[in-house]
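For reference, the structure discussed in these notes is given below.
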Amino acid sequence: MGRQPCCEKVGLKRGPWTIEEDHKLMNFILNNGIHCWRMVPKLAGLLRCGKSCRLRWINYLRPDLKRGGFTEMEEDQIIQLHSRLGNRWSKIASHFPGRTDNEIKNHWNTRIKKRLKLLGLDPVTHKKVEPVEQIDGNKANLHSSISQKSEENDVQEIKCMDNSSAGAEETKKREEMKVMNLDDHDDDNAEILNNFDMLCSKLDMGMGSWIEQEIINNNDNNNSSTSSHCSSSSSVSMDENYSSNFSSKGESKNEHDQDNSLQQWIENMDSILSWDGFNALDQDLFLL
DNA sequence: AATTCCCTCAACCGCCCAGAG
DNA sequence: ACTCTGGGCGGTTGAGGGAAT
1 MGRQPCCEKV GLKRGPWTIE EDHKLMNFIL NNGIHCWRMV PKLAGLLRCG KSCRLRWINY
61 LRPDLKRGGF TEMEEDQIIQ LHSRLGNRWS KIASHFPGRT DNEIKNHWNT RIKKRLKLLG
121 LDPVTHKKVE PVEQIDGNKA NLHSSISQKS EENDVQEIKC MDNSSAGAEE TKKREEMKVM
181 NLDDHDDDNA EILNNFDMLC SKLDMGMGSW IEQEIINNND NNNSSTSSHC SSSSSVSMDE
241 NYSSNFSSKG ESKNEHDQDN SLQQWIENMD SILSWDGFNA LDQDLFLL
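Per full-length UniProt numbering, residue 1 is the first one in the first sequence, and the count goes up by one each step.
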């Protein structure tokens, strides 16, 4: 007997999310937090499966998401982590705050895999692929040119990331990455703020108007105590961190205050959401 | 300009695991 | 010990868009 579906799928909407649906989900989560995904669509007035809502939030709507393409350094780090962790995308993603496992998985499948293959490396084992039987001249030439290129250029760089060759050089490189990550911290936050602003614009909310709406909603909800069913420690709410700053300031709030408060909220989000297993133990393992 | 091909990535599916009863 | 349930994860799919023909 198979497992029962996670929810009643009859009558539920599937496929791409509309702006209106995004709006509803975002409003609901920011107002009430996340307690039970199964209940989210019902309470938010969405004809979606709870899983679908979770995925949409985690992969697209979360304000602390870092958008944009992967840098070469990030790619290298992904390769390095993949060589140690395999296809454990959530573990890999935990080393990239603001990136989702889905995003990394997609990037791996569409870009990095090809890059490794071009370099003559097996994406699974991260080891150099043995020359295949030569079928014709063209293929042989192609293969030799790829091999030559890989030996001359990037193979050394990737090889040193391989588990077996972990040594002083790798440690040094990791230390460098660590330092660079720290240096980039402010830029990352600025980027997240910028991305969130873009998301709000896309949802036709606008940071200012959205914030004002949140204040109105929160004022409305404070009395009815919507968080009563979402009182777990893992719930995410703007009540304390965000809107409180504005509600006391009334109409005199300015953009700077908004940025500061939003940034504070984003920082809190990191700890509240715990970044899907981004724990100290794992971090220590990575830095070893 | 029309068509085909290819790539990207959002979204879904099904399985696994942990916790509650 | 067992079942049920929700959350999480990894694999896969397919729509949409850009590039090539």
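Ideal Cβ placement from N, Cα and C applies to all residues, glycine included.
Classify residue i as helix, strand or coil using the three-state DSSP reduction.
i	result
K127	coil
L119	coil
D64	coil
L47	coil
P41	helix
K114	helix
Report the CB separation of residue i from residue j in whole angstroms; it is logged as a contact under 8 Å.
i	j	result
G98	K66	3 Å
residue 292	K13	The question about residue 292 has no answer, for the chain in this structure spans 1 to 288.
K24	W37	Actually they are not in contact, since the Cβ atoms of K24 and W37 sit about 15 Å apart, beyond 8 Å.
W89	I112	That pair is no contact at about 12 Å.
I92	I78	6 Å
I58	T100	6 Å
E75	F96	Going by Cβ atoms, the distance from E75 to F96 rounds to 11 Å, so no, they are not a contact pair.
D22	L61	6 Å
S83	H126	4 Å
K114	G120	At roughly 12 Å, the Cβ-Cβ gap does not stay under 8 Å, so K114 and G120 are not in contact.
Which residue marks the beginning of the alpha helix (DSSP H) containing residue i, and which one marks its end?
i	result
L81	72-85
I29	19-32
G50	50-56
W108	Per DSSP, W108 belongs to no alpha helix (DSSP H) and is neither H nor E.
S90	89-93
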